[in-house]
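Following UniProt numbering, the numbering of the sequence shown begins with 1 at its first residue and continues without gaps. We put the beta carbon where it would ideally sit given N, CA and C, even for glycine. On a predicted model such as this, the values are computed, not experimentally measured, just so you know. First up is the structure itself, then whatever we jot down about it.
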Amino acid sequence: MLLLFHFVELTLNPPEGIVAGPMNEENFFEWEALIMGPEDTCFEFGVFPAILSFPLDYPLSPPKMRFTCEMFHPNSKCSGEPQGWDTDAAAWGKRGHACPSLAEPNDESGANVDASKMWRDDREQFCRVARQLAQKSLGL
(Lines of atoms letter the chains of each structure in order from A and count residues from 1; the text may use other names and numbers.)
(Lines give C-alpha, C1' and ligand atoms only; values in the text may rest on other atoms or scores of the structure.)
Protein backbone atom coordinates (compact mmCIF):
# COMPACT_ATOMS: atom_id res chain seq x y z
CA MET A 1 0.00 0.00 0.00
CA LEU A 2 1.68 3.15 -1.27
CA LEU A 3 -0.23 5.35 1.16
CA LEU A 4 1.37 3.54 4.12
CA PHE A 5 4.78 4.07 2.52
CA HIS A 6 4.07 7.81 2.19
CA PHE A 7 2.96 7.99 5.82
CA VAL A 8 6.25 6.41 6.93
CA GLU A 9 8.17 8.73 4.60
CA LEU A 10 6.37 11.81 5.98
CA THR A 11 7.11 10.65 9.51
CA LEU A 12 10.81 9.98 8.90
CA ASN A 13 11.46 12.91 6.55
CA PRO A 14 8.81 15.55 7.21
CA PRO A 15 8.71 18.24 4.52
CA GLU A 16 8.96 21.88 5.42
CA GLY A 17 5.64 23.39 6.37
CA ILE A 18 3.41 20.39 7.06
CA VAL A 19 2.59 17.85 9.71
CA ALA A 20 0.12 15.19 8.59
CA GLY A 21 -1.13 11.75 9.48
CA PRO A 22 -4.19 9.51 9.57
CA MET A 23 -7.10 10.75 11.69
CA ASN A 24 -7.56 7.29 13.22
CA GLU A 25 -6.59 3.66 12.76
CA GLU A 26 -9.94 2.67 11.25
CA ASN A 27 -9.70 4.96 8.21
CA PHE A 28 -6.24 5.37 6.74
CA PHE A 29 -7.66 7.39 3.82
CA GLU A 30 -8.57 10.48 5.90
CA TRP A 31 -5.67 12.50 7.28
CA GLU A 32 -5.43 15.59 9.44
CA ALA A 33 -2.80 18.13 8.50
CA LEU A 34 -1.37 21.34 9.89
CA ILE A 35 0.06 23.58 7.20
CA MET A 36 2.37 26.38 8.25
CA GLY A 37 2.29 29.66 6.37
CA PRO A 38 5.42 30.03 4.22
CA GLU A 39 8.12 32.50 5.32
CA ASP A 40 8.11 35.96 3.78
CA THR A 41 4.46 35.73 2.71
CA CYS A 42 1.20 37.24 3.92
CA PHE A 43 0.45 33.86 5.57
CA GLU A 44 3.73 33.68 7.54
CA PHE A 45 3.35 32.49 11.15
CA GLY A 46 -0.13 31.08 10.48
CA VAL A 47 -0.95 27.43 11.13
CA PHE A 48 -3.82 26.24 8.97
CA PRO A 49 -5.59 22.94 9.76
CA ALA A 50 -6.79 20.83 6.86
CA ILE A 51 -8.23 17.42 6.02
CA LEU A 52 -6.65 15.27 3.31
CA SER A 53 -8.94 12.70 1.70
CA PHE A 54 -7.18 10.00 -0.29
CA PRO A 55 -9.20 8.16 -2.96
CA LEU A 56 -9.24 4.37 -3.02
CA ASP A 57 -7.28 4.40 -6.29
CA TYR A 58 -4.47 6.57 -4.88
CA PRO A 59 -1.92 7.36 -6.36
CA LEU A 60 -3.71 7.14 -9.71
CA SER A 61 -6.01 9.89 -8.43
CA PRO A 62 -4.64 12.63 -6.17
CA PRO A 63 -5.88 13.32 -2.65
CA LYS A 64 -8.19 16.26 -2.01
CA MET A 65 -7.37 18.87 0.59
CA ARG A 66 -9.90 21.00 2.46
CA PHE A 67 -8.95 23.67 4.96
CA THR A 68 -10.98 23.39 8.15
CA CYS A 69 -10.32 27.00 9.10
CA GLU A 70 -11.32 30.28 7.52
CA MET A 71 -9.18 30.90 4.44
CA PHE A 72 -8.94 33.92 2.13
CA HIS A 73 -6.87 32.86 -0.84
CA PRO A 74 -7.29 33.05 -4.63
CA ASN A 75 -7.01 29.28 -4.99
CA SER A 76 -9.36 28.37 -2.15
CA LYS A 77 -13.14 28.56 -2.15
CA CYS A 78 -14.84 30.20 0.83
CA SER A 79 -15.42 26.71 2.21
CA GLY A 80 -11.66 26.22 2.37
CA GLU A 81 -11.48 23.70 -0.46
CA PRO A 82 -8.52 24.43 -2.73
CA GLN A 83 -8.73 24.42 -6.50
CA GLY A 84 -5.87 23.27 -8.67
CA TRP A 85 -3.43 22.65 -5.84
CA ASP A 86 -0.90 19.85 -6.11
CA THR A 87 -1.57 17.84 -2.97
CA ASP A 88 0.21 14.66 -4.08
CA ALA A 89 1.85 13.27 -0.93
CA ALA A 90 4.67 11.80 -3.00
CA ALA A 91 5.76 15.29 -4.02
CA TRP A 92 5.51 16.99 -0.61
CA GLY A 93 9.10 16.31 0.31
CA LYS A 94 10.43 17.18 -3.14
CA ARG A 95 9.64 20.88 -3.16
CA GLY A 96 10.25 23.88 -0.97
CA HIS A 97 6.94 24.06 0.88
CA ALA A 98 4.01 21.71 1.29
CA CYS A 99 1.57 24.25 -0.18
CA PRO A 100 3.41 26.34 -2.76
CA SER A 101 0.15 28.11 -3.67
CA LEU A 102 0.19 29.82 -0.27
CA ALA A 103 3.44 31.49 -1.29
CA GLU A 104 2.53 32.11 -4.93
CA PRO A 105 -1.24 32.34 -5.50
CA ASN A 106 -2.46 31.81 -9.05
CA ASP A 107 -5.07 34.51 -9.67
CA GLU A 108 -5.61 33.24 -13.23
CA SER A 109 -7.49 30.17 -11.99
CA GLY A 110 -9.02 31.63 -8.87
CA ALA A 111 -11.60 29.63 -6.96
CA ASN A 112 -12.24 32.63 -4.70
CA VAL A 113 -13.05 35.55 -7.02
CA ASP A 114 -12.87 38.20 -4.27
CA ALA A 115 -9.45 37.01 -3.09
CA SER A 116 -8.18 36.77 -6.69
CA LYS A 117 -9.30 40.32 -7.46
CA MET A 118 -7.80 41.72 -4.26
CA TRP A 119 -4.51 39.81 -4.84
CA ARG A 120 -4.30 41.31 -8.32
CA ASP A 121 -5.56 44.86 -7.60
CA ASP A 122 -4.72 45.65 -3.97
CA ARG A 123 -1.89 43.43 -2.70
CA GLU A 124 -1.49 45.50 0.48
CA GLN A 125 -5.14 44.96 1.51
CA PHE A 126 -4.91 41.27 0.57
CA CYS A 127 -1.91 40.87 2.87
CA ARG A 128 -3.75 42.64 5.70
CA VAL A 129 -6.64 40.18 5.42
CA ALA A 130 -4.28 37.20 5.12
CA ARG A 131 -2.26 38.30 8.17
CA GLN A 132 -5.46 38.66 10.20
CA LEU A 133 -6.41 35.08 9.27
CA ALA A 134 -2.90 33.86 10.12
CA GLN A 135 -3.25 35.45 13.59
CA LYS A 136 -6.76 34.03 13.93
CA SER A 137 -5.42 30.55 13.09
CA LEU A 138 -3.24 30.86 16.21
CA GLY A 139 -6.14 31.98 18.37
CA LEU A 140 -4.85 35.57 18.61
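Secondary structure at Phe43: coil, using DSSP grouped into helix, strand and coil. Between the C-alpha atoms of Tyr58 and Phe28 there is a straight-line separation of about 12 Å.
Taking a cut-off of 8 Å for Cβ pairs, the region 2-11 and the region 37-52 do not touch, as fewer than three such pairs fall below it.
Just measuring C-alpha positions, the residue of Lys64, Ser76, Ala50 and Asn13 sitting nearest Glu108 is Ser76. In this model, Ser53 and Asp121 are separated by some 34 Å (Cα to Cα).
In this structure, DSSP gives Ser76 an extended state, which the three-state scheme calls strand. The three-state reading of DSSP puts Glu9 in helix, counting H, G and I together. A straight line joining the alpha-carbon of Gln125 with that of Leu138 spans about 20 Å.
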